[in-house]
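Undergrad: Questions regarding the structure given below will be posed in turn.
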Amino acid sequence: MVHPLTGPVFVKGAQPGDLLEVTIQHIEPANWGFTSILPGFGFLRDVYTEPYLVHWEMDDGFARSLQLPGVAIPEASFMGTIGVAPSRQLRQEILLREDELLRRGGMVVGPTPAGAVPADEPFASEGLRTIPPREHGGNLDIKQLTSGTRLMLPVFTEGGLFSAGDAHYAQGDSECCGKLRWRWIAPYM
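First residue of the sequence shown? That's 6 in this note's numbering, and the numbers climb one at a time after it.
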């Protein structure tokens with residue numbers, strides 16, 4: 006599971022207790038992408054148990070695939086993951102809360118050194134991953150976070166340490182199995 010992100014960006018003057026206003030200026034989609042169903046992932050992980058991959062070509066505001074003839078998905082790009090860094094105290098509270106959620110069978114991607122960036126300890130084994138979304142942002146997957154939208158985020162650390170990424174070409178009212186993944190360019194503020 007990888008959510009490519011930009012950042013963290015230090016926002017001069019941002020202090021804990023502030024509200025950071027982020028305006029998404031523009032999201033520019035690439036001309037290709039893919040959608041995958043991964044066994045054991047997503048809200049319908051018990052229904053869709055076999056892997057599946059669809060390749061898309063984006064042109065004239067639509068995504069089309071030879072694997073799904075006749076299907077044309079209109080471009081509605083948005084940022085799936087967006088947020089600021091939590092404070093150390095909040096991070097510890099989140100780790101405890103999510104450990105309990107994971108024990109009860111909830112969808113949590115817990116800290117693991119495998120694939121962590123940076124791979125240095127203690128970050129690799131204590132750093133939060135992007136799932137689930139939290140009070141400081143994260144993998145929100147809100148399809149309305151399109152070009153021109155403003156998002157207000159509470160600041161928990163000096164400089165806020167803003168990050169964003171995991172761009173989606175389009176999505177319905179949820180991400181039941183994955184998304185239409187693609188390369189993107191998105192200036193923010």
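Cβ atoms here follow ideal geometry from the backbone N, Cα and C, with glycine treated the same way. A quick note: this is a predicted structure, and the numbers were derived from the prediction, not measured.
1) Opposite G88 in the DSSP bridges: which residues?
2) Between the alpha carbons of S70 and S41, how many angstroms are there, rounded?
3) On the DSSP letters alone, give me the boundaries of the beta strand (DSSP E) that D64 sits inside.
4) Answer yes if the stretch 79–93 comes into contact with the stretch 167–181, meaning at least three C-beta pairs across the two stretches below 8 Å, and no otherwise.
5) Go to E131, then tell me how far its alpha helix (DSSP H) extends in each direction, as first and last residue.
6) Which one of I32, A169, A124, D51 has the shortest CA to CA distance from L145?
7) According to the neighbour-count rule (16 or more other Cβ atoms, all chains shown, within 10 Å of its Cβ), is M112 buried or exposed?
8) With the cut-off set at 9 Å, would you say G88 and R155 are in Cβ contact?
9) Looking only at its chain, what residues have a beta carbon closer than 6 Å to the beta carbon of P91, apart from the 5 residues adjacent to it on each side?
10) Between which residues of its own chain and T135 is the CB-CB distance below 6 Å, once the five residues before and five after are set aside?
11) What residue range does the alpha helix (DSSP H) around I99 cover?
12) May I have the straight-line CA-CA distance separating P74 from E103, to the nearest angstrom?
13) Based on the DSSP secondary-structure assignment, which residues constitute the bridge partners of R155?
14) Return the first residue and the last residue of the beta strand (DSSP E) that E33 is part of.
TA: Reading off the structure:
1) Here the question's residue 88 lines up with position 83 in the sequence shown. G142, S168.
2) Numbered from its first residue, the sequence shown carries residue 70 at position 65. Numbered from its first residue, the sequence shown carries residue 41 at position 36. C-alpha of S70 to C-alpha of S41: approximately 13 Å in a straight line.
3) Locating residue 64 in the sequence shown gives position 59, where the first residue counts as 1. Counting along the chain, the beta strand (DSSP E) containing D64 begins and ends at 57–64.
4) Taking 8 Å as the limit for Cβ pairs, the verdict is that the stretch 79–93 does touch the stretch 167–181.
5) Within the sequence shown, numbered from 1, the residue matching residue 131 stands at position 126. E131 -> alpha helix (DSSP H) spans 128–131.
6) For the purposes of this step, residue 145 is taken as the residue at position 140 of the sequence shown. Checked all of I32, A169, A124, D51; the closest Cα to L145 is A169.
7) Walking along the sequence shown from the start, residue 112 turns up at place 107. So M112 ends up on the exposed side.
8) Stepping through the sequence shown from its first residue, residue 88 is reached at position 83. Stepping through the sequence shown from its first residue, residue 155 is reached at position 150. No.
9) Position 86 of the sequence shown holds residue 91. Contacts found: H141, F161.
10) Here residue 135 refers to the residue found at position 130 of the sequence shown. Within the same chain, T135 has close Cβ partners H8, T86, G143, N144.
11) As a first step, residue 99 must be located in the sequence shown, where it is residue number 94. That run of the alpha helix (DSSP H) goes 93–108.
12) Taking the sequence shown and counting its residues from 1, one reaches residue 74 at position 69. Taking the sequence shown and counting its residues from 1, one reaches residue 103 at position 98. Rounded to the nearest angstrom, the two C-alpha atoms are 41 Å apart.
13) Here the question's residue 155 lines up with position 150 in the sequence shown. Answer by DSSP bridge pairing, in chain order: T28.
14) The residue labelled residue 33 in the question sits at position 28 within the sequence shown. Per DSSP, E33 belongs to the beta strand (DSSP E) from 33–42.
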